[in-house]
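Trainee:
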Amino acid sequence: MHDLRALRADPDGFDADLKRRGEPAVAQALLLLDHDRRSAETALQELQARRKQISKEIGAMRKSGADSSALEAEVISAKARMEALQTRADDLDGQIRGTLERLPNRLDESVPAGADENANVQVHQNGTPREFAFAPREHFELGEALGMMDFETASRLSGARFVVLHGQLARLERALGQFMLDLHTGENGYEETAVPVLVNNEAMYGTDKLPKFADQSFRTEDGRWLIPTAEVPLTASVAGQILPGNVLPRRLVALSSCFRSEAGAAGRDTRGMLRQHQFQKVEMVSITTPEESDAEHERMTRCAEMVLEKLGIPYRRMLLCAGDTGFGAAKTFDLEAWLPGQKAWREISSCSTTRDFQARRMNARYRAAEGRPAFVHTLNGSGLAVGRTLIAVMENYQNEDGSITIPDVLRPYMGGVEVIRAA
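At position 341 of the sequence shown the residue is numbered 330 (my numbering), and the sequence of numbers has no breaks.
#1: Give the straight-line distance between the Cα atoms of residue 165 and residue 330, rounded to the nearest whole angstrom.
#2: Given this structure, state the Cα-to-Cα distance separating residue 394 from residue 223, to the nearest angstrom.
#3: Could you tell me which residues DSSP pairs with residue 110 in its beta bridges?
#4: Where does residue 94 land, buried or exposed, given buried means 16+ other C-beta within 10 angstroms?
#5: Tell me where the alpha helix (DSSP H) around residue 100 begins and ends.
#6: Counting pairs of beta carbons, one from the stretch 373 to 387 and one from the stretch 121 to 138, are three or more of them closer than 8 Å?
#7: Thinking just about the alpha-carbon of each residue, which of 173, 187, 26 and 349 is nearest to the one in residue 217?
#8: Flag this pair as yes or no: are the beta carbons of residue 192 and residue 228 separated by less than 9 Å?
#9: Per DSSP, which one or two residues make a beta bridge with residue 366?
#10: Hey, residue 248 and residue 290: beta-carbon distance below 9 Å or not?
#11: Note down the Cα distance separating residue 33 from residue 369, rounded to an integer number of angstroms.
#12: Using DSSP with H/G/I as helix, E/B as strand and the rest coil, what is residue 342?
#13: With distances taken from CA atoms, which of 232, 400, 180 and 213 is nearest residue 300?
#14: Tell me which same chain residues have a C-beta within less than 8 Å of the C-beta of residue 67, skipping the five on either side of it?
#15: Given that a residue counts as buried once 16 or more other Cβ atoms are within 10 Å of its Cβ, and exposed if not, what is residue 206?
#16: List the residues that DSSP assigns as beta-bridge partners of residue 354.
#17: Name the residue from 101, 92 and 256 whose alpha carbon lies nearest to the alpha carbon of residue 198.
#18: Taking Cβ to Cβ, would you say residue 312 is nearer than 9 Å to residue 104?
#19: Which residues in the same chain as residue 178 place their Cβ atom closer than 7 Å to its Cβ, once the five residues preceding and following it in sequence are excluded?
#20: So for residue 359, helix, strand or coil by DSSP?
#21: If distances are taken between C-alpha atoms only, which option among 268, 156 and 410 comes closest to residue 250?
#22: In angstroms with no decimal places, state the Cα-to-Cα distance between residue 402 and residue 201.
#23: Would you kindly check if the distance between the Cβ of residue 317 and the Cβ of residue 338 is under 9 Å?
#24: What residue ranges within the stretch 136 to 185 form continuous alpha helix (DSSP H) runs of no fewer than 4 residues, ordered along the chain?
#25: So residue 184 and residue 159 are supposed to be a Cβ contact under 8 Å. How far apart are they, rounded?
#26: Count the CB pairs spanning the stretch 68 to 86 and the stretch 258 to 266 that are closer than 8 Å, and state whether there are at least three.
#27: With H, G and I counted as helix, E and B as strand and the rest as coil, what does DSSP make of residue 330?
#28: Does the Cβ-Cβ distance between residue 308 and residue 271 come in under 9 Å?
#29: Give the straight-line distance between the Cα atoms of residue 292 and residue 196, rounded to the nearest whole angstrom.
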């Protein structure tokens, strides 16, 4: 979460950072709770020391045959007061933690001001949107016309925001995931990892998904959670550990199913595959040192950009503004792919550095060659969202007859198929 020592040292700066996100000031209230807790802990320690001293005196008096009843009564009284102070300290600590765990991460200084996505800043654009000699269609129009994208059956099976893919479109989705994994493991230095899609409360809490986003995730009846992204198990895999400094950075990548309730998304992207309850995503996670985390953030974002460049899909990199940066992120780059059917740029990857925000929640540290353990920095990024990449390929590589040309880099994964046509 947050470093209380930093808050004590600069409460105004802490509140100023919250204000950038539109959050109210909390520093003074937290400092008051912190003062009261520390006072209770100090009083408790003094009583413990006094009780220890009294116990010694009682022992000596008993040996000498002196009356120790007064001191024994003081011990009983001290015990009751100690229990009350411990309860008081624990209650104050719970209030502090309850406040801190709901506060977003402090933003990097380079994050621009702004309330929403309209204030995001374009860093660069790669590629020029294709000019079509016909009116390009959206992915769901193409997929349904091919007979390979079935929302009706998915709705009967599972409800809204699901899809069934058939034939070559199902194979194309699989090909995209395999291509991304091969690129990240073969060229980008990530270690392929297969992770559970069910995790416990601790894993969700440590990666800042609880308690803030409980309503956006699916929970099983036995209290476990379906992962919203492989970021959760990949990052939480180092929870509670002290890593040797010489193993960092640690770079992990996984292709997994992801599950989101999409609470608050009613009426948004109701057609097609853009916003699904279940989807495939390749997730990159880096565990590194504070000194290297900014360079690692740039490196991770470039790894995601490489996927789009090799696929030949126009994209732009956006630096998210304060109001659009996620709860756990200190800084985020979004990659937006051009979708000609929608005539819009749409997010296809989000790469974030959380600094030590998650590491503090899950107590993940490292030890350099010399010195005390310090918190690691954690980063996560989509490399990419497979379903959205499928959409981008379909719309950018569509032909006038409704067929889809397969990008060159994917043809080895498609058994040499060059064009997807209706059966």
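For every residue, glycine included, the Cβ atom is placed at its ideal position computed from N, Cα and C.
Since the model is a prediction, treat every value here as computed from it, not as a measurement.
Mentor: Per the coordinate set shown:
#1: 20 Å
#2: 35 Å
#3: 308
#4: buried
#5: It is not in any alpha helix (DSSP H) - residue 100 carries neither H nor E in the DSSP assignment.
#6: yes
#7: 187
#8: yes
#9: 277
#10: no
#11: 42 Å
#12: strand
#13: The residue with the shortest Cα to Cα distance from residue 300 is 400.
#14: 36, 39, 40 and 43
#15: buried
#16: Partner(s): 231 and 364.
#17: 92
#18: yes
#19: 240
#20: coil
#21: 268
#22: 40 Å
#23: no
#24: Within the stretch 136 to 185, the complete alpha helix (DSSP H) runs of at least 4 residues are 140 to 147 and 156 to 175.
#25: In fact, because the Cβ distance is near 23 Å, the residues do not count as touching under 8 Å.
#26: no
#27: coil
#28: Taking 9 Å as the Cβ cut-off, residue 308 and residue 271 do not qualify as a contacting pair.
#29: 22 Å
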